[in-house]
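J.: My structure is below; once you've seen it, I'll send some questions.
Residue numbers (my numbering): 59 to 383.
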């Protein structure tokens with residue numbers, strides 16, 4: 059910003075940037091209030107800070123959230139990309155995740171507008187409300203914003219073109235103790251031999267995924283951010299033990315839910331194979347060489363419907379079952 063320019067009271071670009079930072083910090087520190095704040099920042103930025111004419115993030119809003127500076131700069135477009143990647147990571151259920159990924163695509167299109175009609179490797183940093191380029195030197199920080207956005211997209215969206223097998227794991231009763239509608243990250247305990255099992259299958263498959271019914275959300279026993287903190291805690295415990303999962307799908311739907319958003323019998327809910335198919339499509343999974351470990355008959359039915367080898371965990375140790383195969 060030039061020294062003679064007056065700053066906007068609210069900058070949508072910073073709303074998106076702080077949302078991304080808050081979301082990442084919340085998952086590291088298990089702060090549910092920070093997740094709520096991150097969602098609200100994205101809501102404000104998207105609702106009031108994106109131009110309806112060209113879908114670019116504008117420079118500024120007034121205190122009443124009405125447009126203050128209708129011009130455009132490059133860096134807010136990159137922060138919108140990062141914020142919606144975070145929202146995709148936090149999304150529970152097919153619709154919300156697909157919506158977030160579409161916003162990532164929209165924001166990426168917005169970023170490309172600043173890289174068109176310029177020599178390769180260069181970009182436009184600032185545009186007038188009508189799209190006219192403002193000719194001036196671009197700050198060095200623009201490269202930082204571009205690089206971070208590209209790195210985030212690569213981290214979250216990059217996939218192999220080669221078809222590879224995977225291990226699908228149910229969560230409650232397979233990875234962690236099933237205490238009934240697990241919604242409190244402070245009560246998480248990994249089951250015996252889950253670490254050895256993941257290590258064992260890493261030698262047989264390329265990916266490890268989690269597919270979990272979470273009707274506790276639809277039943278209002280806990281909410282989506284409780285689920286996200288449980289997921290973050292499990293991932294942290296697995297990381298401490300030297301293993302990881304590559305991706306996860308959760309089905310929050312319950313056909314008798316009092317919340318219409320969750321009141322349905324969805325094709326993601328096991329025994330339906332929707333979560334398996336969704337992961338397989340995105341990650342290019344070779345299903346006929348893949349495995350699913352579950353502790354309920356619904357897990358086995360989902361595996362069978364997807365053409366995946368099913369392993370039912372009952373009273374025996376998980377690693378003992380796997381090691382005999």
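Idealized CB from N, CA, C, for every residue including glycine. Given the structure is predicted, the values throughout are model-derived calculations rather than measurements.
State the beta-bridge partners of residue 309 as determined by DSSP.
T.: 271
J.: Under 8 Å by Cβ, that's how I've got residue 115 and residue 107 pegged, so tell me the actual separation to the nearest angstrom.
T.: 6 Å
J.: Would you identify the three-state DSSP class for residue 151, choosing helix, strand or coil?
T.: coil
J.: According to DSSP, what are the bridge partners of residue 333?
T.: DSSP output for residue 333 lists no bridge partner at all.
J.: Within 10 angstroms of the Cβ of residue 203, are there 16 or more other Cβ atoms? Answer buried if so, exposed if not.
T.: Looking at its Cβ environment, which holds 16 or more other Cβ atoms inside 10 Å, residue 203 is buried.
J.: Do the segment 201 to 216 and the segment 237 to 246 meet, that is, are 3 or more Cβ pairs less than 8 Å apart?
T.: no
J.: Please go through the same chain and pick out, in chain order, the residues whose beta-carbon is closer than 7 Å to the beta-carbon of residue 158, but skip the five residues on each side of it.
T.: 142, 145, 146 and 149
J.: Counting Cβ pairs, one atom from each stretch, are 3 or more of them under 8 Å apart for the segment 221 to 233 and the segment 348 to 367?
T.: yes
J.: Where residue 328 and residue 367 are concerned, what is the direct C-alpha to C-alpha distance, given to the nearest angstrom?
T.: 15 Å
J.: How many angstroms separate the CA atom of residue 173 from the CA atom of residue 80?
T.: 29 Å
J.: Restricting to Cα atoms, I'd like to know which of 356, 252 and 139 is closest to residue 73.
T.: 139
J.: Do you know offhand how far residue 299's Cα is from residue 360's?
T.: 29 Å
J.: If distances are taken between C-alpha atoms only, which option among 334, 89 and 338 comes closest to residue 358?
T.: 334
J.: Considering Cα atoms alone, identify which of 279, 322, 252 and 199 is closest to residue 152.
T.: 322
J.: According to DSSP, residue 130 sits in a beta bridge with which residue or residues?
T.: 116 and 185
J.: Please state whether DSSP places residue 343 in a helix, a strand or coil.
T.: strand
J.: Apart from the five residues just before and just after residue 85, which ones in its own chain have a Cβ nearer than 6 Å to its Cβ?
T.: Annotation for residue 85: 290 place their beta carbon closer than 6 Å to its own, counting only its chain and skipping 5 residues before and after.
J.: Would you mind stating whether residue 266 and residue 258 have Cβ atoms separated by less than 8 Å?
T.: No.
J.: Between residue 224 and residue 348, how many whole angstroms is the CB-CB distance? I'm expecting something under 8 Å.
T.: 5 Å
J.: Closest to residue 399 by CA distance: which of 312, 207 and 67 is it?
T.: Look at the range of the chain in this structure, 59 to 383, and you will see that residue 399 is not part of it.
J.: Tell whether a beta-carbon distance below 8 Å holds between residue 279 and residue 239.
T.: The answer is yes: Cβ separation under 8 Å.
J.: Spatial neighbours of residue 77 within its chain, please: C-beta separation below 6 Å, excluding the five flanking residues on both sides.
T.: 96, 99, 100 and 141.
J.: Check whether the Cβ atoms of residue 365 and residue 312 lie closer than 8 Å to each other.
T.: Here residue 365 is not near residue 312, since their CB atoms are 8 Å or more apart.
J.: If you run the structure through DSSP and keep just helix, strand and coil, what is residue 370?
T.: strand
J.: CA-CA distance, residue 128 and residue 75?
T.: If I take the Cα positions, the gap works out to 19 Å.
J.: Determine the burial state of residue 297: buried for a count of at least 16 other Cβ atoms within 10 Å of its Cβ, exposed for fewer.
T.: exposed
J.: Measuring CA to CA, which of 372, 371, 82 and 343 is closest to residue 219?
T.: 343
J.: Determine which residues share a DSSP beta bridge with residue 226 and list them.
T.: Answer is 267 and 350, bridged to residue 226.
J.: For the candidate residues 118, 371 and 91, whose alpha-carbon lies nearest to that of residue 67?
T.: 118
J.: Would DSSP call residue 192 helix, strand or coil?
T.: Shown here, residue 192 sits in coil according to DSSP, grouped into three states, outside any helix or strand.
J.: So is residue 310 buried or exposed if we call it buried at 16+ other beta carbons inside 10 Å?
T.: Classification for residue 310: buried.
J.: Please look up how many angstroms separate the CB atoms of residue 183 and residue 171, rounded, as I've assumed it's under 8 Å.
T.: About 12 Å separates the two Cβ atoms, so there is no contact after all.
J.: My output table needs one value for residue 234: the three-state DSSP class, helix, strand or coil.
T.: Reduced to three states, the DSSP call for residue 234 is strand.
J.: Residue 61: buried (16+ other C-beta within 10 angstroms of its C-beta) or exposed?
T.: Confidence in residue 61 is poor, its pLDDT being 47 and thus under 50, which makes the residue's placement too unreliable to answer from.
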